[in-house]
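Under this note's numbering, the first residue of the sequence shown is numbered 49, with each subsequent residue one higher. Ideal Cβ positions, reconstructed from N, Cα and C, are used throughout, including at glycine.
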Amino acid sequence: MALKILSVLVENKPGTLFRVTHMIRLMRLNIEGLTCGVTNGGDRSRITMTVNGDDATLDFLAKQLSKVIDVYEAQTYSPEEVTARELALVKLNLSSVSHLDDKRLQGARIVETSDRSITVEVIGTPSEIDRFIHRFDSSHILELARTGTTAVPKG
49 MALKILSVLV ENKPGTLFRV THMIRLMRLN IEGLTCGVTN GGDRSRITMT VNGDDATLDF
109 LAKQLSKVID VYEAQTYSPE EVTARELALV KLNLSSVSHL DDKRLQGARI VETSDRSITV
169 EVIGTPSEID RFIHRFDSSH ILELARTGTT AVPKG
């Protein structure tokens, strides 16, 4: 099984996201990450999901999704075929960061500080986000929120 990106262009209306994710549930696949946003024009949305599965199953899923009402297009991609980004907000215990120019904060932007914590924003590929998070002991991370991967095909 391999991690794949599933990109689905849909009509921007209530119930569409449910129909798409319901089909994935019926195929007993797990969604590792999901983002959804309105595309230019406002009448369509792009749902981008990171799904673990074999090529045949995910290709079949894309074909089945293309038949769903309100779905215009469904494509699967390997991580190498897309330009992908993710955003993470990480709230750290201030005592774990020796100073605001701590090398572990490299690549992050400070978005909020208090007397007890510092919140940073990290934007990058999913593996870059993982590497940033692993710079800190889990006891130093007070809260963590990740958007999930969003992607466009290369070329």
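- prompt: Which residue or residues does DSSP assign as beta-bridge partners of residue 143?
  reply: For the purposes of this step, residue 143 is taken as the residue at position 95 of the sequence shown. Looking at the DSSP output, residue 143 bridges to nothing.
- prompt: For residue 64, which of helix, strand or coil comes out of DSSP?
  reply: Here residue 64 refers to the residue found at position 16 of the sequence shown. Three-state result, residue 64: helix.
- request: Indicate the three-state DSSP secondary structure (helix, strand or coil) for residue 112 in the structure shown.
  value: Looking up residue 112 in the sequence shown gives position 64. If DSSP states are grouped into helix, strand and coil, residue 112 belongs with the helices.
- prompt: What separation, rounded to the nearest whole angstrom, lies between the Cα atoms of residue 113 and residue 107?
  reply: Reading the sequence shown from its first residue, position 65 is the one you call residue 113. Reading the sequence shown from its first residue, position 59 is the one you call residue 107. Looking at the two C-alpha atoms, the distance is approximately 10 Å.
As assigned by DSSP and simplified to three states, the class of residue 197: Locating residue 197 in the sequence shown gives position 149, where the first residue counts as 1. Residue 197 falls in the coil class under three-state DSSP.
message: Do residue 191 and residue 139 count as a contact pair if the criterion is CB distance below 8 Å?
response: To locate residue 139, count along the sequence shown from 1; it is residue 91. To locate residue 191, count along the sequence shown from 1; it is residue 143. Result yes, Cβ atoms of residue 139 and residue 191 sit closer than 8 Å.
field: Beta carbon proximity, residue 153 to chain D, threshold 8 Å
entry: Of the protein chains in the structure, only one exists, and it is not chain D.
message: Judging by CA-CA distance, which residue of 109, 50, 159, 119 is the nearest neighbour of residue 64?
response: Sequence index remark: in the sequence shown, residue 64 carries index 16 (1-based). If we check each option's Cα against that of residue 64, 119 comes out closest.
task: Using only alpha-carbon positions, find the residue among 122, 183, 160 that is nearest to residue 150.
output: For the purposes of this step, residue 150 is taken as residue 102 along the sequence shown, with counting starting at 1. Nearest in C-alpha terms to residue 150, of all of 122, 183, 160, is 183.
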